[in-house]
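Take a look at the structure below.
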Amino acid sequence: MDKNLIVTKINKAVQGAVLEVRRFGRSDTRSIWVEAQSIQKVAKILRTDPELSLDWLENLSVVELSDALVISYFLQSTQGTQPEVILRASVVPDSPTSPVKLPTIQTIWPMGIPMEREAREMFGIQFETSPQDDDADVEFDFESSPSLCLPSGLSGFPLRKKFNK
Amino acid sequence: MNLTQPESLKTDLTTWIIGPYHGSLPAPMRLSLSLDGEMISDCHVETGFLHRGLEKSCELHSWKAAVAYSDHLDPECAIFGELVLCLAVEQLSELEVPERAQSIRVILSELARISGHLSFMVRMAKAVGSETIIHYLLRDRERILDLFELLTGARFSLNFLRFGGVSADVTDGFIERVLEVCELIRIRMKEYNDLFTFNFGFLKRTAQVVPISKRLVLASGMTGPNARASGIELDVRKKFPYSGYSKLDFSVPVGRGDSGILGDVHDRFLIRLREITESMEILKQLLDVVPSGEYLNRKFKRDFVVPAGEAYARVESSRGLLGCHVVSDGGPTPSRVQFRTPTVANLMAIPQVVRGIRIEDLPVVLASLDLGIAEADR
Amino acid sequence: MMTSENSWIVAWSNALGFPEGLPQWLYAVGALISVFVFVVVPSGGLMSYLERKLAADLQARVGPNRTGPAGLLQPIADLFKLLQKESRVDWSWKENLWLSVHTMALYSTLAVLPLGSMAVLVNTEMSVFLPFWSALVLALGTMLLGLSQNSVPGWFGGIRVAAQTLAGSFPALISLLCTGVRSGSFRWSALAESQGFSPWEWTVFANPFQMVAFSVFVMSGLVLLAIPPLDGGLSMSDIHGGVSSHLYGRRLSLFQFGRFYGFFFWSVITVVLFLGAWDLPAQVTVSLKAGGANQVLALLELIWLLLKTFGLMLLIVWVAKVNSRSRVDQITDFTWKVLSPFSLFALVGASLWAGWRAI
Amino acid sequence: MKESVFSALALYVQSVFRGAWSIAGSCKTALPYLIRWGDLKKEVTEGYPDPISSKTADDLPTRSRGLLFNDIDRCTGCRDCEVACPSRCIRVESEPGSDPAKIWVSTFDIDFSRCIFCGLCVEACHPGSLVHTKQYEGAAYAVPDLVASFGRGQITDEHRNKWAMMRKLGESDGVAP
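Residue numbers (this note's numbering), protein chains in the order written: chain V, 1 to 165; chain D, 166 to 543; chain E, 544 to 902; chain Z, 903 to 1079.
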């Protein structure tokens, strides 16, 4: 029953957002491929919907596969209503070393802030906050951009394949 | 103009930047505190001093070198980095780990957990200022490091696991020595209790100091003993059992707030003390009957190639949930190795936790969060 | 102030061939220097060695064993190591000024140090309160030394030491009075005579209130002078030793020796007040005095006094090494809410006991 | 009901004495160490480099990974170790020696300032010439001294013509060099 519960819920809210649902690697957790620019809307549904309530972002990992950047959000629900789900999106940068834009999920899952900062430094993914973000009931004012990890003078994004100092 | 009263008492906030290397910091990071007298009103955490480009170097070297690199993720208990990488690769290449290797891995991770918690207690003792217990703790941790050297040849960065098992079998005297060390630590626990938990001075410095609420733990993504001290039942060994943990019966200690407030420094300390006893229980159960058989899956030969695909594995390290996302394109080198480390969440929560406490409590709070900066900066 | 016929300094200066009848102040200066050089400095070296060995024994390790047999020359090695460190270029005169004020205040108590029945320089009714005054000026010197370093650790260290001293002074004074209640006067000699050689005659075990007064006096002394178990003001973990964080080389050794001297003279006073000062068994003093061997008597009394002082100091060091430090606000709370009431209780009890005993 | 004064007083006095008792308790636990009572309480520091130090090189466990040693005669210059090393601290240069079948390993440097003692090179070494010794005293005064070289040295011209002359000799009387 819950196999397509998530998909129907997302499609009802954001038309055509879900591209496909596939097994993640060889494990039995499901990964939902979503259209890159609608990540924030989908995330809001996954978080706020009482049946889903996937409110715990375990990990945000970015992988560069043959010129496309795949960002995957490993989600769990603390209430245990849903098994683990992985929300994935892929973005193609126009050149192997140029930055990429993605909507941020800071207000939805605050624990994603340092992971987003890591992705921005290492992969050059600019997470920009959309205007209607400020009304979110953020309980803790976590610093939106804690300090960088890399020396200031370094240009380019180290974890890209084509990165050469 | 009244001579005795100054015109205007200048009482704005003073800023004090505690540099990367300072007595009160357990690890190299920079805190710029704005102080209102003795109270800290705001804190900005700056890290990145231990960034070594671990994940990039994993991509540049072979799969076996990636295991050697994952040792240096958390130098104190290196086995967890290796274990999470090996579990991910085994899930990716569907390599079945023999029974004996699984129990050797669990023995090593429980020993690493005890040694991790002992060094946590050393940092707590240093922050609180009681010198004698530091030497007792380090002497007992030395026994465990001797065990690591006996089995794997190295004390900290073991490089002992391989995809599909462990790289060498258990030497003859190892099992007895581990039981001996467990017995020794059980005797020493009485000393730790006398000098720590029942000591009024230690209680005064840690009881009801800086409680972390359950909501902050959930919001910042804290895991491991810090989260369990605030009452959140999350232990990867129970929720997502791996490498034979489902067969072991052990209980996960959760904070009971027995010093007044739930989730304060004393709770975070007691949790680790109880986890040491739990780990010893696990070790005893495992050491009674170490399953015989292969210690390494024979498929892992010299020219083992990791098939294309990706996998995610998670492990309960001594600091929290340690995850590893491995992507391979079938080539000789990994295409991406990404670690989800527990200290990142602790670092993010520091400004919330530290707001409004005295600077004398700062070392105690930072030590109680058990920050492993090496795994946060990678 | 100093009766010349039985004072030891006159005897010594005559023995050393100085002309007779020198002016009084010259004898006083001679006494001060000789006490400092022959008593305080060697006991400082010995105490620092004993403390390090005791800490090593407590902590299952070996302790200094490289310098001399069993590391006995370690204090000298430390002194030379610190002395040969070149001082900072941009020393500020303010810092030097307050360091000298701090040292002068401290060593002014040398005049009052009770080291034996004949070795007491100032033996007036007020002699017990004089070291008390210098402890307050010492705190002023330390605070201004910290403030003059215009560094955050120095600033906080200075303020904390001042707060701590203010808190520690009240119970120390009150428990000081309890001894006077028992021995009838505040002269060192009277205090010594009122106690005997065997522990039952010491003021500590005279009655339970004196025992409370003793423990309050010791603890408030530790608070007053910021000595290890209660040194919140100079805590190493968060402000790097507070005032001493920006001192090194000669200044650090001067500061540390000042710290030790404070600890030393407070323990000497505690021993004289509570633990049966330099009282040897009665027949020994009588026979020696009769035989005219004043020097031997003075020496024996001094050794017995120093033995008890080192015992007390090692006890305090033992507690300091094993237990954890507490914050400054906890120390001041402890002083106001526990030490002060207990000292008042001890004073009332002791005076009632003395009054009931008198009728 | 306001808590009566006496119970508050009793609580206060009781907490003071409990505190004192716990401090004394902690001091009591450290006492046996002072008098070295029983072998659990002996000091554990081992003298170093005193001759009586207990941990000399040979009583380390058999598998302990100390400084590396390469037996150059058995080394075939196959450079497997150089490939396997994660921190790229092994440098091998080899060329055919006097007997073309046997390789002359001219330089074999291990840079111990970068080596992480992971043991992958020893595993990758087929002939087993590269082994971990039990030596752990690898300190040096300058970083370049940290490079341990086991090579046989560059082949010089007089080596070459000596071998060529020997080879000619060998063919003339049918005896292999």
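Cβ coordinates follow ideal geometry from the N, Cα and C atoms, glycine included.
Since this is a predicted model, take the numbers as computed values, not measurements.
Can you give me the Cβ contacts of residue i inside the same chain, cut-off strictly under 6 Å, excluding the 5 residues immediately before and after it?
i	result
residue 770 of chain E	806
residue 36 of chain V	89, 91
residue 756 of chain E	718, 721, 889
residue 788 of chain E	696
Output the distance between the C-alpha atoms of residue i and residue j, rounded to the nearest integer angstrom.
i	j	result
residue 483 of chain D	residue 432 of chain D	16 Å
residue 564 of chain E	residue 796 of chain E	38 Å
residue 6 of chain V	residue 109 of chain V	18 Å
residue 962 of chain Z	residue 803 of chain E	44 Å
residue 629 of chain E	residue 622 of chain E	13 Å
residue 1002 of chain Z	residue 1013 of chain Z	29 Å
residue 489 of chain D	residue 259 of chain D	16 Å
residue 347 of chain D	residue 947 of chain Z	21 Å
residue 891 of chain E	residue 897 of chain E	10 Å
residue 60 of chain V	residue 707 of chain E	50 Å
residue 63 of chain V	residue 103 of chain V	17 Å
residue 461 of chain D	residue 204 of chain D	56 Å
Would you decide whether residue i is buried or exposed? Buried here means 16 or more other CB atoms lie within 10 Å of its CB.
i	result
residue 115 of chain V	buried
residue 135 of chain V	Any reading at residue 135 of chain V must be qualified, since the residue scores a pLDDT of 49, below 50, and its modelled position is unreliable; no value is offered.
residue 1037 of chain Z	exposed
residue 252 of chain D	buried
residue 301 of chain D	buried
residue 899 of chain E	exposed
residue 369 of chain D	buried
residue 826 of chain E	exposed
residue 910 of chain Z	exposed
residue 126 of chain V	exposed
residue 685 of chain E	buried
residue 822 of chain E	buried
residue 937 of chain Z	exposed
Do we get a CB-CB distance below 8 Å when we pair residue i with the residues of chain V?
i	result
residue 484 of chain D	no
residue 461 of chain D	no
residue 204 of chain D	no
residue 516 of chain D	yes
Comparing the C-beta of residue i with each C-beta of chain D, is any distance below 8 Å?
i	result
residue 1017 of chain Z	no
residue 50 of chain V	no
residue 915 of chain Z	no
residue 135 of chain V	Annotation note: pLDDT 49 at residue 135 of chain V (below 50); position unreliable, no value reported.
residue 1083 of chain Z	What is shown of chain Z runs 903 to 1079, which leaves residue 1083 of chain Z out entirely.
residue 869 of chain E	yes
Between which residues of its own chain and residue i is the CB-CB distance below 7 Å, once the five residues before and five after are set aside?
i	result
residue 76 of chain V	54, 56, 58, 84
residue 808 of chain E	652, 656, 674
residue 401 of chain D	479, 480, 481, 486
residue 935 of chain Z	943
On the DSSP letters alone, give me the boundaries of the beta strand (DSSP E) that residue i sits inside.
i	result
residue 1033 of chain Z	1032 to 1034
residue 207 of chain D	204 to 211
residue 102 of chain V	100 to 103
residue 489 of chain D	486 to 493
residue 641 of chain E	Looking at the DSSP string, residue 641 of chain E is not in any beta strand (DSSP E); the run it does join, the alpha helix (DSSP H), is 636 to 650.
residue 876 of chain E	Segment 871 to 877 is the alpha helix (DSSP H) holding residue 876 of chain E; no beta strand (DSSP E) there.
residue 86 of chain V	85 to 91
residue 1005 of chain Z	1005 to 1013
Distance cutoff 8 Å, beta carbons only. Does residue i sit that close to anything in chain Z?
i	result
residue 603 of chain E	yes
residue 319 of chain D	yes
Got a sec? Which residues, its chain only, sit under 8 Å from residue i by beta carbon, not counting five neighbours each side?
i	result
residue 41 of chain V	13, 14, 17
residue 556 of chain E	565, 570, 573
Taking the alpha helix (DSSP H) that residue i falls in, what are its first and last residues?
i	result
residue 998 of chain Z	Run containing residue 998 of chain Z: none in the alpha helix (DSSP H); it sits in the beta strand (DSSP E), 992 to 998.
residue 763 of chain E	751 to 768
Is there a Cβ of chain E sitting closer than 8 Å to that of residue i, yes or no?
i	result
residue 1061 of chain Z	no
Could you check if residue i belongs to the surroundings of the ligand FMN, using beta carbon to heavy atom distance under 7 Å?
i	result
residue 1037 of chain Z	Absence of the ligand FMN from the depicted structure is noted, as is the absence of any ligand whatsoever, leaving it without description.
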